[in-house]
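Novice: Take a look at this one; I'll ask things after.
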Amino acid sequence: MSASYETQTRQEATRRRFFLKLMLYIFVFAFLIVATLCFYVTQPVWVSRSERNYRSDPSKLETHVRALSEKLSPRNESHTENLDTAAAYIRREFESAGARGVSEQPYQVNGRTYRNVVAFFGPETPERIVVGAHYDAAGPRPGADDNASGVAGLIELARLLGKSSPPVKVELVAYTLEEPPFFRSQYMGSYIHAQALRNEGARVRAMFSLEMIGYFSDEEGSQRFPVPVLRLFYPTKGNFISVIGKMGQALLVRKIKGAMKGASSLPVYSINAPRSIPGVDFSDHMNYWDAGYPAVMITDTAFYRNLNYHTTADTAEKLDYNRMAQVVEGVYAAVLELAR
Numbered sequence: 048m049s050a051s052y053e054t055q056t057r058q059e060a061t062r063r064r065f066f067l068k069l070m071l072y073i074f075v076f077a078f079l080i081v082a083t084l085c086f087y088v089t090q091p092v093w094v095s096r097s098e099r100n101y102r103s104d105p106s107k108l109e110t111h112v113r114a115l116s117e118k119l120s121p122r123n124e125s126h127t128e129n130l131d132t133a134a135a136y137i138r139r140e141f142e143s144a145g146a147r148g149v150s151e152q153p154y155q156v157n158g159r160t161y162r163n164v165v166a167f168f169g170p171e172t173p174e175r176i177v178v179g180a181h182y183d184a185a186g187p188r189p190g191a192d193d194n195a196s197g198v199a200g201l202i203e204l205a206r207l208l209g210k211s212s213p214p215v216k217v218e219l220v221a222y223t224l225e226e227p228p229f230f231r232s233q234y235m236g237s238y239i240h241a242q243a244l245r246n247e248g249a250r251v252r253a254m255f256s257l258e259m260i261g262y263f264s265d266e267e268g269s270q271r272f273p274v275p276v277l278r279l280f281y282p283t284k285g286n287f288i289s290v291i292g293k294m295g296q297a298l299l300v301r302k303i304k305g306a307m308k309g310a311s312s313l314p315v316y317s318i319n320a321p322r323s324i325p326g327v328d329f330s331d332h333m334n335y336w337d338a339g340y341p342a343v344m345i346t347d348t349a350f351y352r353n354l355n356y357h358t359t360a361d362t363a364e365k366l367d368y369n370r371m372a373q374v375v376e377g378v379y380a381a382v383l384e385l386a387r
């Protein structure tokens, strides 16, 4: 065997080792990138179920959903009488829950008066936690999931808060005019409320937007996604509740998700995503983001799961009130966690 052949063999072996190391480094680097992306986007948490002495009542949730979606429908911007009656209904429920104060936040749009309903629980502290849901509906439709479910959850949350003593101020707000034609305008009730907080210099630890929390499905393929790659990270069965936060809110989302997972057996998934992804800012929380406040959306993912969205088929009998009650229990646990 010639010296030149031995040298060539050693060089080839060296190249093979270099190539294998390079492939290993690329694989490890790609794995770390994917794992980091998965961790940041989905916010995995490992918690054990905690003992609790509170329960949300599914029958009360159904009663509120039916009152709003059947007796007080339609609740769109042109039916101010029904909106006023809905506001009065919510106010009575807040008062019955034991709020230390309930008020209205009226404002004018095109010569008509619309109003938010605000309830306060806990002491008057420098900081507060805000939980809100819009009580109007899109067009002359029942709007059971969108968003009588969120308002029913808000009322049931008030009942739970009325039996406890949160250590910081908790402000519950039922908004009007979230739906078109005023969506993304300065006439949204949540815009009015968020700007009022900003103008008074209020300090908000977090805002929760309850946006469609009652529709669940155990069928494979019932959950859809705005971006196909998300199928790698989330279930394709629509049997979970979601916590939606924007980029830069990883710690907040993780804390809320952990508290919700510890409160019930309902699966809880989360995402921190850019607002450019359709749906990420499709509710009242966006107005708090714009006002500089930390905010999340609690949702069953709306039209990515519920095909009755913005149709006359969005009716009360299609909702799952037992799982909806678990959502409320999770939000209550998260509010108390953030209040500590």
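Residue numbers (the numbering used here): 48 to 387. By construction, the Cβ of each residue, glycine as well, lies at the ideal position given by its N, Cα and C atoms.
(1) Apart from the five residues on each side of it in sequence, which residues of its chain come closer than 8 Å, Cβ to Cβ, to G339?
(2) Which of the three DSSP states, helix, strand or coil, is assigned to I291?
(3) Report buried or exposed for E124, applying the criterion of at least 16 other Cβ atoms within 10 angstroms of its Cβ.
(4) For K118, tell me which candidate among G190, Q270 and H357 has the shortest Cα-Cα distance.
(5) Report yes if the C-beta distance between P228 and F168 is below 8 Å; otherwise report no.
(6) Just to confirm the assignment, what range does the beta strand (DSSP E) spanning T160 have?
(7) Counting beta carbon pairs with one atom in the segment 363-376 and one in the segment 304-314, are three or more of them shorter than 8 Å?
(8) So the alpha helix (DSSP H) N353 belongs to, where does it begin and stop?
(9) Can you check the segment 160-238 for any beta strand (DSSP E) of at least 3 residues that lies completely inside it and give the ranges in chain order?
(10) Going by DSSP in three states, Q296 sits in which element: helix, strand or coil?
(11) Buried or exposed for I73, please, with buried defined as at least 16 other CB atoms from any protein chain shown within 10 angstroms of its CB.
(12) Can you confirm whether the segment 318-338 touches the segment 109-116 when touching is taken to mean that 3 or more C-beta pairs between the two stretches lie within less than 8 Å?
(13) K107: which of Y335, T348, R206 and G179 sits nearest, CA to CA?
(14) Looking at N286 and I239, is the spacing between their C-beta atoms short of 8 Å?
(15) Helix, strand or coil for A380? Go by DSSP, reduced to three states.
(16) Per the DSSP calculation, M254 is bridged to which residue(s)?
(17) Does the separation of the CB atoms of T172 and K216 fall below 8 Å?
(18) Could you tell me the boundaries of the beta strand (DSSP E) in which P105 lies?
(19) How is the beta strand (DSSP E) around N319 delimited, first residue to last?
(20) Quick one: measure Cβ to Cβ for D331 and E225, integer angstroms, because I've assumed they're closer than 8 Å.
(21) Are at least three pairs of beta-carbons, each pair with one atom in the segment 292-303 and one in the segment 357-366, less than 8 Å apart?
(22) Determine the closest residue to V290 out of V378, D104 and F65, with distance taken between C-alpha atoms.
(23) Considering Cα atoms alone, identify which of M70, F329, R57 and A184 is closest to Y351.
(24) Based on the DSSP output, what are the partners of K284 in its beta bridges?
(25) For V149, does the three-state DSSP call read helix, strand or coil?
(26) Hey, quick one: how far does the alpha helix (DSSP H) through H126 stretch, first residue to last?
(27) With distance defined between alpha-carbon atoms, name the residue in V343, A349 and V156 nearest to G179.
(28) Can the beta-carbon of R252 be found closer than 8 Å to that of I345?
(29) Compute the Euclidean distance between the alpha carbons of P105 and G200, then round it to the nearest angstrom.
(30) If I measure Cβ to Cβ from E267 and keep anything under 7 Å in the same chain, skipping five residues before and after, which residues do I get?
(31) In the DSSP assignment, what are the bridge partners of Y154?
(32) Could you tell me the distance, in whole angstroms, from the CA atom of R188 to the CA atom of Y356?
(33) I'd like to know whether the C-beta atoms of V198 and Y182 end up nearer to each other than 8 Å.
(34) In the DSSP assignment, the alpha helix (DSSP H) including H357 goes from what residue to what residue?
Specialist: On the basis of the supplied data:
(1) Position 292 of the sequence shown, counted from the start, is the residue given in the question as residue 339. Once the five neighbours on either side are set aside, the close Cβ partners of G339 are R245.
(2) Here residue 291 refers to the residue found at position 244 of the sequence shown. The answer is strand: DSSP assigns I291 an E or B state.
(3) Here residue 124 corresponds to residue number 77 of the sequence shown, with the count starting at 1. Classification of E124: buried, given that the 10 Å Cβ count is 16 or more.
(4) Mapped onto the sequence shown, residue 118 falls at position 71. Selected option, being the one with the closest Cα: G190.
(5) The count along the sequence shown starts at 1 and reaches residue 228 at position 181. The count along the sequence shown starts at 1 and reaches residue 168 at position 121. Cβ atoms of P228 and F168: not closer than 8 Å.
(6) Locating residue 160 in the sequence shown gives position 113, counting from the first residue. Unbroken beta strand (DSSP E) run through T160: R159 to F168.
(7) yes
(8) Within the sequence shown, residue 353 is the residue found at index 306, counting from 1. Looking at the DSSP string, N353 is not in any alpha helix (DSSP H), and its letter there is neither H nor E.
(9) Whole beta strand (DSSP E) segments, 3+ residues: 174-181 and 216-222.
(10) The residue labelled residue 296 in the question sits at position 249 within the sequence shown. DSSP places Q296 in coil when its eight states are reduced to three.
(11) Your numbering for residue 73 matches position 26 in the sequence shown. When all chains shown are included, I73 counts as exposed.
(12) no
(13) Reading the sequence shown from its first residue, position 60 is the one you call residue 107. For the residues Y335, T348, R206 and G179, the minimum Cα distance to K107 belongs to R206.
(14) Counted from its first residue, the sequence shown places residue 239 at position 192. Counted from its first residue, the sequence shown places residue 286 at position 239. Contact: no.
(15) Working through the sequence shown from its first residue, we reach residue 380 at position 333. Note: A380 maps to helix in three-state DSSP.
(16) Taking the sequence shown and counting its residues from 1, one reaches residue 254 at position 207. Bridge partners of M254: V177 and A342.
(17) Here the question's residue 172 lines up with position 125 in the sequence shown. Here the question's residue 216 lines up with position 169 in the sequence shown. Their beta carbons are under 8 Å apart, which means T172 touches K216 by this criterion.
(18) Position 58 of the sequence shown, counting from 1, holds the residue named residue 105. P105 -> not in any beta strand (DSSP E); alpha helix (DSSP H) instead, spanning P105 to R113.
(19) In the sequence shown, residue 319 corresponds to position 272, counting from 1. Per DSSP, N319 belongs to the beta strand (DSSP E) from V315 to A320.
(20) As a first step, residue 331 is located in the sequence shown; it is residue number 284 there, counting from the start. As a first step, residue 225 is located in the sequence shown; it is residue number 178 there, counting from the start. The Cβ separation is near 6 Å, so the contact holds.
(21) no
(22) Here residue 290 is taken as the residue at index 243 of the sequence shown, counted from 1. For the residues V378, D104 and F65, the minimum Cα distance to V290 belongs to V378.
(23) To locate residue 351, count along the sequence shown from 1; it is residue 304. It is F329.
(24) For this step, residue 284 is matched to residue 237 along the sequence shown. K284 is bridged to E267.
(25) In the sequence shown, the residue the question calls residue 149 occupies position 102. Three-state result, V149: strand.
(26) For this step, residue 126 is matched to residue 79 along the sequence shown. H126 -> no alpha helix (DSSP H), and no H or E assigned at all.
(27) Locating residue 179 in the sequence shown gives position 132, counting from the first residue. The option with the nearest alpha carbon to G179 is V343.
(28) Locating residue 252 in the sequence shown gives position 205, counting from the first residue. Locating residue 345 in the sequence shown gives position 298, counting from the first residue. The answer is no: Cβ separation not under 8 Å.
(29) The count along the sequence shown starts at 1 and reaches residue 105 at position 58. The count along the sequence shown starts at 1 and reaches residue 200 at position 153. For the pair P105 and G200, the Cα-to-Cα distance works out to about 10 Å.
(30) Here residue 267 refers to the residue found at position 220 when the sequence shown is read from its first residue. Excluding sequence neighbours, E267 sits near T283 and K284.
(31) For the purposes of this step, residue 154 is taken as the residue at position 107 of the sequence shown. DSSP, once it has assigned bridges, lists Y161 as partnering Y154.
(32) Within the sequence shown, numbered from 1, the residue matching residue 188 stands at position 141. Within the sequence shown, numbered from 1, the residue matching residue 356 stands at position 309. Cα to Cα, the separation comes out at about 10 Å.
(33) As a working note, residue 198 is residue 151 in the sequence shown. As a working note, residue 182 is residue 135 in the sequence shown. Yes, the Cβ-Cβ distance between V198 and Y182 is below 8 Å.
(34) Along the sequence shown, read from residue 1 onward, the residue named residue 357 stands at position 310. That residue, H357, is in no alpha helix (DSSP H); it is neither H nor E in DSSP.
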